[in-house]
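Input: a single structure, listed below in structure tokens.
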Amino acid sequence: RQVHDRLEGRGQYILPTETKYVGELKDGMFHGKGALHFPSGSKYEGVWDCGIAKEGKYTFADGLEFKDKKWHYCDGYERRFYTEICSGLKPAGIGRRILFQNRKYR
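Residue numbering for the sequence shown follows our numbering, beginning at 2 and increasing consecutively.
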């Protein structure tokens, strides 16, 4: 619904980038629980306060949830895609890494 030409209550809003917000709105801003659904298939679910995300969770299109602490995906050691890890696929062939000061590791 609209109050004084601004969105209020529960609803959805589609941005020009085709990102869709579904959730609570107050005074035309994201406010309360809601989710941004991106065209790539990823989403951000969170709690908003006057248009600012205060807490939430980002989930990639393949189902991987981003964690700002203890993030073990795609770090210096493990470089496989999340779906490859879930399917048990091993890295292809022998990898080669260039270490500090151009020393090679096999």
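Beta carbons: idealized from backbone N, C-alpha and C, even for Gly.
### Query
First and last residue of the beta strand (DSSP E) that includes glutamate 56?
Segment 53 to 60, the beta strand (DSSP E) holding glutamate 56.
### Query
Whole-angstrom Cβ separation of lysine 58 and histidine 38, contact assumed at under 8 Å?
Rounded to whole angstroms, the Cβ separation of lysine 58 and histidine 38 is 13 Å, and the two are not in contact under 8 Å.
### Query
Leaving out the 5 sequence neighbours to the left and right, which residues in its chain are closer than 8 Å to proline 40 when beta-carbon positions are compared?
Spatial neighbours of proline 40 in its own chain (CB-CB distance under 8 Å, excluding positions within 5 residues in sequence) are listed in chain order as Thr18, Glu19 and Thr20.
### Task
Report the partner residues of glycine 33 according to the DSSP bridge assignment.
Paired residues: Trp49.
### Task
Please report the Cβ distance between phenylalanine 31 and glycine 52, rounded to the nearest whole angstrom; I am assuming they are in contact, meaning their Cβ atoms lie under 8 Å.
About 5 Å; that satisfies the 8 Å criterion.
### Task
In the DSSP assignment, find the unbroken beta strand (DSSP E) run with lysine 68 in it and report its ends.
No beta strand (DSSP E) holds lysine 68; DSSP gives it neither H nor E.
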